[in-house]
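Using the working numbering, the letters of the sequence shown correspond one by one to residues 79 to 652.
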Amino acid sequence: MAGQIPPQFIDELLSRVDIVDIIDARVPLKKAGKNLHACCPFHNEKTPSFTVSPDKQFYHCFGCGAHGTAIGFLMEYDQLSFPEAIQELADTVGMQVPVTQQASLTPARQNLYDLMDKVSRYYVHQLQNHPQRQPFQDYIQQRGLSPETVAAFDIGMAPDGWDNVLRTFGNNQQTQDQLFEAGMLIKNDKGRTYDRFRDRLMFPIRDRRGRVIAFGGRVIDADGTPKYLNSPETPIFHKGQELYGLYQARKANRRLEKILIVEGYMDVIALAQFGINNAVATLGTATTSEHLRLLTRSAPEIVFCFDGDRAGKEAAWRAAENALPILGGNFELKFMFLPEGQDPDTMVREQGAEAFQQLVNQAQSYSEFFFATLLSRVDSQSMDGRARLVEIAKPYLRHIPAGLYRDMLEQQLADHAKTNIATLNKHLEKPAAPPRAKSVKQNAMANMTPVRMAVMILLQHPQLHEAVPDTDKLSLLDMPGLAILIQLLETMREHPHLKTAQLLERWRDTQQAPYMEKLAMQPLNLSPEQLEHELIGIVTRLNKQARDERLTYLMSKPLSQLTEAEKMEVKSFK
Numbered sequence: 079m080a081g082q083i084p085p086q087f088i089d090e091l092l093s094r095v096d097i098v099d100i101i102d103a104r105v106p107l108k109k110a111g112k113n114l115h116a117c118c119p120f121h122n123e124k125t126p127s128f129t130v131s132p133d134k135q136f137y138h139c140f141g142c143g144a145h146g147t148a149i150g151f152l153m154e155y156d157q158l159s160f161p162e163a164i165q166e167l168a169d170t171v172g173m174q175v176p177v178t179q180q181a182s183l184t185p186a187r188q189n190l191y192d193l194m195d196k197v198s199r200y201y202v203h204q205l206q207n208h209p210q211r212q213p214f215q216d217y218i219q220q221r222g223l224s225p226e227t228v229a230a231f232d233i234g235m236a237p238d239g240w241d242n243v244l245r246t247f248g249n250n251q252q253t254q255d256q257l258f259e260a261g262m263l264i265k266n267d268k269g270r271t272y273d274r275f276r277d278r279l280m281f282p283i284r285d286r287r288g289r290v291i292a293f294g295g296r297v298i299d300a301d302g303t304p305k306y307l308n309s310p311e312t313p314i315f316h317k318g319q320e321l322y323g324l325y326q327a328r329k330a331n332r333r334l335e336k337i338l339i340v341e342g343y344m345d346v347i348a349l350a351q352f353g354i355n356n357a358v359a360t361l362g363t364a365t366t367s368e369h370l371r372l373l374t375r376s377a378p379e380i381v382f383c384f385d386g387d388r389a390g391k392e393a394a395w396r397a398a399e400n401a402l403p404i405l406g407g408n409f410e411l412k413f414m415f416l417p418e419g420q421d422p423d424t425m426v427r428e429q430g431a432e433a434f435q436q437l438v439n440q441a442q443s444y445s446e447f448f449f450a451t452l453l454s455r456v457d458s459q460s461m462d463g464r465a466r467l468v469e470i471a472k473p474y475l476r477h478i479p480a481g482l483y484r485d486m487l488e489q490q491l492a493d494h495a496k497t498n499i500a501t502l503n504k505h506l507e508k509p510a511a512p513p514r515a516k517s518v519k520q521n522a523m524a525n526m527t528p529v530r531m532a533v534m535i536l537l538q539h540p541q542l543h544e545a546v547p548d549t550d551k552l553s554l555l556d557m558p559g560l561a562i563l564i565q566l567l568e569t570m571r572e573h574p575h576l577k578t579a580q581l582l583e584r585w586r587d588t589q590q591a592p593y594m595e596k597l598a599m600q601p602l603n604l605s606p607e608q609l610e611h612e613l614i615g616i617v618t619r620l621n622k623q624a625r626d627e628r629l630t631y632l633m634s635k636p637l638s639q640l641t642e643a644e645k646m647e648v649k650s651f652k
């Protein structure tokens, strides 16, 4: 994949992007000397070991070993493919990924994205121009949505009729096949093909990059069923991994400090209408662990918003159960419950944004909700009830990763059970140990070969290539790593402004990539002046070794077998 996008474009992209901005928007960073650090987003830890270098445009975790460039971070953190990460970065700095390359990456999938975007624009056009649009516009006005809000969410209308989309877009078999694949067409038992969405208010569902991947449709007739209809699972839409409104929330907030999870499209849209533009909704499914991983990478605080009735409490507990495997990270999960009979849409209209925000600010922490729910199932005043509390809690604690958060939950359980942690631990399963920090060898530089040292210096201080003496003779040596050193120097001479991140990206997907990434992370405890002196010394010694080996080879040949060029070469050595 990497090779399909010109390296020159990637060089230019990384020169405009600042890895600090990219990571800081997702994981708040703190200054630590010339670098920045944070608790690693890729594993649970108590003290920060995740470091970002503005100079190298590179990140590295000394705990779990995660490392890479801004491109690699997006691929790991946002779960993007290489071309998707490129596109995401290009969008942030207003660059256009080369069209021919972009189209060649995943043509089948790209065609589905393009088709869904056209269908979305068709629905918007129908809401504005269709002869039967008035009931839909009346409904929108009745719900109090402004033209700006309707435009922000690209709300549209699927006209009544069996084949509007089919007739408009399915003018050949290939496009019809794509409409089936995207979930826009259905075929019944008699073989008849018709539109999935008919006579509905339409809500395009966008992925994190803003591409239309599916639709939700709502009937406006009180007798219509089902009330909401979502696209089925398709190659580009997996409802357990997508959230309605996340794209708009990230677009409206430079940095999301908090995300609300609500039930439906209209809740998200109504809250946005009142200036609360950090709400998202699941798509006809309970909140999954994949949803939560996505959200905790977007904001440090997640607040579940549920109705205060029994169904709302049950849905909240399902969300709490799904969150167990990810607890303990650098984020908070909270739960808020609305007064019975209210939903976010009705409450924000009747009581206003300030009253709604007060409820958000009073949300229960995960631990409060967790223990309140378990305690409601037992008689905590009796020893028998407290013993049962421990037994009920055990299966849930088993799924929580080892670390400080689990330790604190266990302490809280001991307090509720009126026992001590030592007694409690006898009856709890021992958690899996957290990842052990990888030790950094203090004598790494002392044990390093000259070639390896030269590559490491050049990767971390690319500007020093200008001080390197002539290397024409180096190709004569047969030495591990020398080919990389030569190629690295040639690349720098051709592109003298490349930094560490750009150099590493040029070796992406090669066998040498892990080797070079490892060298880029090794600590160099010398000043740039000392490193320059070291680099010049290494290359000078390598040149001398190459010269000596070449002279030895030539002198070993009988004089009669030397060519005129070789005789001149021997003279030049003297």
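Don't be surprised by glycine CBs; every beta carbon is placed ideally from N, CA and C.
(Q) Taking the beta carbon of tyrosine 631 as the centre, do at least 16 other beta carbons fall within 10 Å, making it buried, or is it exposed? (A) exposed
Discussion item. Measuring straight from C-alpha to C-alpha, what distance separates serine 634 and glutamine 608?
Written reply: 39 Å
* What residues are listed by DSSP as bridge partners for methionine 414? -> Cys383
* Asked: Anyone know if the C-beta pair for isoleucine 291 and glutamate 311 falls short of 8 Å?
  -> no
task = Report all residues from its chain with a CB closer than 6 Å to the CB of valine 468; omit the five preceding and five following residues, and keep chain order.
result = Ala495
Practice problem: Alpha carbon to alpha carbon, how far is alanine 465 from glutamine 459? Give it in angstroms, no decimals. | Solution: 11 Å
Legend entry - Neighbourhood of leucine 129 by C-beta, 6 Å cutoff - its chain only, sequence neighbours within 5 removed: In the sequence as presented, leucine is not what sits at residue 129; that position holds threonine. So the qualifying residues of the chain are Asn113, His115 and His138.
Point to revise | Member of Ile314, Val175, Asp102 and Gly295 whose CA lies at the smallest distance from the CA of leucine 257 | key: Ile314
Could you give the distance in angstroms between the alpha-carbon of arginine 278 and the alpha-carbon of glycine 269?
-> 24 Å
*So, using beta-carbon positions, are arginine 287 and glutamine 165 closer together than 8 Å?*
yes
Practice prompt. Flag this pair as yes or no: are the beta carbons of aspartate 232 and serine 198 separated by less than 8 Å?
Written response: yes
Q) How is the beta strand (DSSP E) around proline 378 delimited, first residue to last? A) Counting along the chain, proline 378 falls outside any beta strand (DSSP E), and DSSP gives it neither H nor E.
Using the Cα positions of lysine 622 and isoleucine 616, report the straight-line distance between them to the nearest angstrom. 10 Å
### Task
May I ask which residues mark the beginning and end of the alpha helix (DSSP H) holding phenylalanine 352?
Unbroken run through phenylalanine 352: none, as it is neither H nor E.
- Should lysine 519 be labelled buried (16 or more other beta-carbon atoms within 10 Å of its own) or exposed? Low local confidence applies: a pLDDT of 43 at lysine 519 is under 50, so the model's placement there is unreliable, with the coordinate-based value given in what follows. Looking at its Cβ environment, which holds fewer than 16 other Cβ atoms inside 10 Å, lysine 519 is exposed.
- request: Grab me the residues of leucine 152's own chain with a C-beta within less than 6 Å of its C-beta, minus the 5 sequence neighbours each way, in chain order.
  value: Leu158, Ala163 and Glu166
inquiry  = Just to confirm before moving on: does the CB-CB distance between glycine 406 and isoleucine 478 stay below 8 Å?
reply    = yes
### Query
Which full runs of the beta strand (DSSP E) of 3+ residues lie inside the stretch 276-301, going along the chain?
278-284 and 290-296
| message | Just to confirm my understanding: we take glutamine 590, look at its own chain, exclude 5 residues before and 5 after, and list those with CB closer than 7 Å. What are they? | response | Ile562
Notebook entry, point to check: Got a sec? Which residues, its chain only, sit under 6 Å from asparagine 521 by beta carbon, not counting five neighbours each side?
Noted result: The predicted position of asparagine 521 is uncertain, since its pLDDT is 46 and thus under 50; a value taken from the coordinates is nonetheless stated next. Closer than 6 Å at the Cβ level, and outside the excluded window around asparagine 521, lies no residue.
Less than 8 Å separating the beta-carbons of lysine 134 and lysine 577?
yes
For a test of the three-state rule: what should DSSP assign to asparagine 207, helix, strand or coil?
helix
Drop a sphere of 10 angstroms on the beta-carbon of valine 243, count the other beta-carbons inside from all chains shown, and report buried for 16 or more, exposed for fewer.
buried
Q. Distance, Cα to Cα, alanine 397 vs serine 454?
A. 18 Å
* Measure the alpha-carbon distance for alanine 471 versus valine 456 and round it to whole angstroms. => 11 Å
Would you grab the beta carbon distance between leucine 361 and tyrosine 325 for me? Rounded to a whole angstrom, and I think it's under 8 Å. Incorrect: roughly 13 Å between the Cβ atoms, too far for contact.
- Where DSSP assigns a beta bridge to glycine 234, which residues make up the other side? Met280
Shortest alpha-carbon distance to histidine 611 belongs to which of Pro601, Glu544 and Arg625? Glu544
**Item:** Rounded Cβ spacing between arginine 289 and tyrosine 191 (contact assumed at less than 8 Å)
**Value:** 5 Å
Check your understanding: Quick one: is glycine 390 buried, meaning 16 or more other Cβ sit within 10 Å of its Cβ, or exposed?
Key -> buried
### Task
Taking threonine 147 as the reference, give the member of Thr641, Leu581, Val228 and Arg628 with the closest Cα.
Leu581
Problem set entry | Beta carbon of leucine 437 nearer than 8 Å to that of leucine 416 | yes
**Prompt:** When you compare only the Cα positions, how much space is there between asparagine 249 and proline 237?
**Reply:** 19 Å
Run the CB neighbour count on asparagine 501, radius 10 Å, all protein chains shown included, and call it buried at 16 or more, exposed below. The question names asparagine, but residue 501 in the sequence shown is threonine. Classification of threonine 501: exposed, given that the 10 Å Cβ count is below 16.
Proximity winner among Ala229, Leu597 and Leu620, relative to leucine 555 (alpha-carbon distances) = Leu620
Return helix, strand or coil for isoleucine 616, following the three-state DSSP convention. helix
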